[in-house]
Structure formats: structure tokens, C-alpha cells
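In UniProt numbering, the protein residues as written are 1 to 301.
In C-alpha cells, the structure reads:
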């Protein structure tokens with residue numbers, strides 16, 4: 001009988017490229033992962049890994065085993081979801097991967113609700129960019145994800161994942177209180193071409209959303225400052241050194257020196273969605289989390 005823990009270790013090495021990275025993702029030591037794969041090699045009677053220089057790669061047989069293993073674990077996950085008694089108390093750990101403003105605006109109050117409803121269910125959360133959320137979810141390292149895509153940037157969801165659109169999150173331009181746009185009811189992307197910007201890190205979906213918004217009006221974004229934390233963006237606008245494009249979800253209270261101005265013509269917004277593996281669709285914990293999330297969203301509207 002093939003050991004499932006060993007199979008998960010092999011898949012993690014395939015996905016992450018190194019034994020050390022696989023070990024970190026599984027909360028094992030590199031030595032434990034190596035031992036598990038050796039056990040799997042004994043069970044299958046063939047080499048599954050080969051060393052190429054300083055790297056470890058899967059052999060052709062190892063790739064076949066890993067590919068079939070993904071399907072096997074998906075079927076097992078679906079079976080466990082169906083077999084779980086629907087009226088049994090929720091226990092264990094439920095892992096949410098989410099972007100930062102959703103953690104503040106949605107996940108924190110969601111966890112508080114779940115603690116009251118299912119105190120034996122431990123909910124954890126990890127913050128990451130939406131593209132990374134899809135990756136960890138597809139690889140089984142999270143149970144549900146919260147993602148967003150901008151109306152100017154597409155987020156391609158793999159077919160193994162199901163999605164539910166939750167709401168649209170409007171985005172405003174933040175300007176200093178003495179800025180020429182501070183008393184405006186709205187501003188257009190065409191008027192923003194001469195501004196100096198603070199942005200999230202290059203390559204993130206919000207960075208691309210800013211660049212695409214201005215590119216659509218024929219401008220190149222003059223980004224002088226990069227910071228992953230939106231509170232830093234607010235501080236830079238307050239200091240008068242930049243403007244920023246900030247979503248409304250999870251936005252903290254703004255200081256007196258910062259004014260939010262809506263954008264019109266091409267109105268930027270983020271489509272916020274919940275994502276999960278199709279193989280877990282019948283999981284009672286997932287159903288409960290989605291139900292409480294829907295109630296929370298209704299209450300905030």
C-alpha cells in the first residue's frame with residue numbers, strides 16, 4: 001500500500017523544486033521528506049528522484065507517480081468530504097489564503113463568527129497575492145482562498161478550482177489635502193498622468209491594476225515608491241510626496257491630510273471572489289465557512 005504522506009512529499013518536491021521548500025510547506029524537516037520519498041521508492045520499486053548538480057529532479061517515473069498521485073489525493077479528498085457526517089461538530093483546521101485587505105475587512109470578522117459557531121474548528125490564515133493564493137490552493141496547502149482581479153487585469157483560475165463572486169470593491173485615488181484634486185467630486189485616469197505614485201510591489205496584481213489603469217489613458221505610471229503595506233501608502237500621501245490608488249475594503253481610517261477621490265470614466269474596481277478545490281465541494285467545514293462569509297458580506301452592504 002502506497003503511503004499517502006510519502007506521496008504528498010513527492011508532489012511537494014515536484015511543485016516547489018527542492019526538498020527544503022517541500023519540507024517547509026509540509027511542516028517537516030528536509031531529512032523527513034527525504035526519508036518519506038525513499039520509503040515510496042521502496043514501495044514502488046523504482047527511483048523517483050535524481051540529482052542533477054545541486055538540484056534534485058523527479059525521474060520520468062517519479063513524474064508519473066506524482067501526476068497520478070494528485071488525482072488520487074483529489075479523489076480521496078472528495079470521498080472524505082462526502083463521508084463526513086453533516087451534523088457532526090466541526091473540528092480540525094481550516095486554512096484560508098487571502099490578500100491583505102480581505103484579511104482586515106473580511107477574514108478577521110469571519111474568524112470571530114466561526115469561533116462562536118464552531119469553537120472546535122481552528123481557522124488559520126496566510127496573506128499572499130491572489131496569483132499565489134490560487135497556486136497554494138490548487139496544491140492543497142489551503143482549504144479556501146479569497147482573491148480579487150481588477151477590471152483591467154485578468155486572474156485566470158485553474159479548472160480544478162471553483163469560484164464564487166462575492167462583491168465588487170471600489171478603488172479611489174488618495175491625494176494630499178492640499179492637492180489640486182482634493183476638492184473634486186471625481187477625477188479621470190486621463191488627469192492622473194503627471195502624478196508621482198506609491199505602489200504595491202512590482203509584479204503584484206494591484207501594481208498591474210495601477211499600471212493598466214493609466215496605460216488605458218495613454219500614460220506611463222511614474223512610480224517612485226514601492227511598499228507592500230497600504231498603511232505606508234497612506235503615510236506617503238499624508239506626507240505630500242505621492243498619490244496612491246487604494247481599495248475601500250479593509251481601508252483604515254484616513255488622517256486629515258489624506259483625501260479619497262473617486263475615479264470616473266474608467267472606474268477601477270476589484271472583483272472579490274471565494275475559491276476552493278472542486279474536490280472539497282461537499283466538505284461541511286467549507287460549507288459553513290462560505291455560509292458565514294455570505295452573512296458577513298450581507299451585513300456590511
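We put the CB at the ideal spot given by N, CA and C, even for glycine.
DSSP bridge partner residues for residue i (one or two, in chain order)
{"i": "residue 99", "result": "DSSP, once it has assigned bridges, lists no residue as partnering residue 99."}
{"i": "residue 172", "result": "246, 262"}
{"i": "residue 92", "result": "121"}
{"i": "residue 223", "result": "197"}
{"i": "residue 128", "result": "Answer is none; residue 128 lacks a bridge partner."}
Status (buried if at least 16 other CB within 10 Å, exposed otherwise) for residue i
{"i": "residue 91", "result": "exposed"}
{"i": "residue 6", "result": "buried"}
{"i": "residue 117", "result": "exposed"}
{"i": "residue 233", "result": "buried"}
{"i": "residue 224", "result": "exposed"}
{"i": "residue 143", "result": "buried"}
{"i": "residue 55", "result": "exposed"}
{"i": "residue 183", "result": "exposed"}
{"i": "residue 138", "result": "buried"}
{"i": "residue 220", "result": "exposed"}
Closest by C-alpha distance to residue i, when choosing among the options
{"i": "residue 30", "options": "19, 40, 36, 39", "result": "19"}
{"i": "residue 294", "options": "50, 110, 10, 60", "result": "110"}
{"i": "residue 128", "options": "115, 164, 145", "result": "145"}
{"i": "residue 100", "options": "284, 279, 300, 272", "result": "272"}
{"i": "residue 235", "options": "174, 102, 284, 165", "result": "174"}
{"i": "residue 134", "options": "260, 201, 103, 96", "result": "96"}
{"i": "residue 61", "options": "73, 47, 69, 55", "result": "47"}
{"i": "residue 204", "options": "216, 228, 215, 187", "result": "228"}
{"i": "residue 51", "options": "3, 13, 193, 217", "result": "13"}
{"i": "residue 149", "options": "269, 299, 279, 243", "result": "269"}
{"i": "residue 70", "options": "215, 15, 106", "result": "15"}
{"i": "residue 285", "options": "187, 122, 68", "result": "122"}
{"i": "residue 240", "options": "177, 28, 157, 130", "result": "177"}
CB-CB length for residue i against residue j, believed under 8 angstroms
{"i": "residue 189", "j": "residue 213", "result": "5 angstroms"}
{"i": "residue 261", "j": "residue 167", "result": "Contact flag wrong, Cβ pair sits at about 22 angstroms."}
{"i": "residue 10", "j": "residue 37", "result": "6 angstroms"}
{"i": "residue 58", "j": "residue 66", "result": "6 angstroms"}
{"i": "residue 196", "j": "residue 222", "result": "5 angstroms"}
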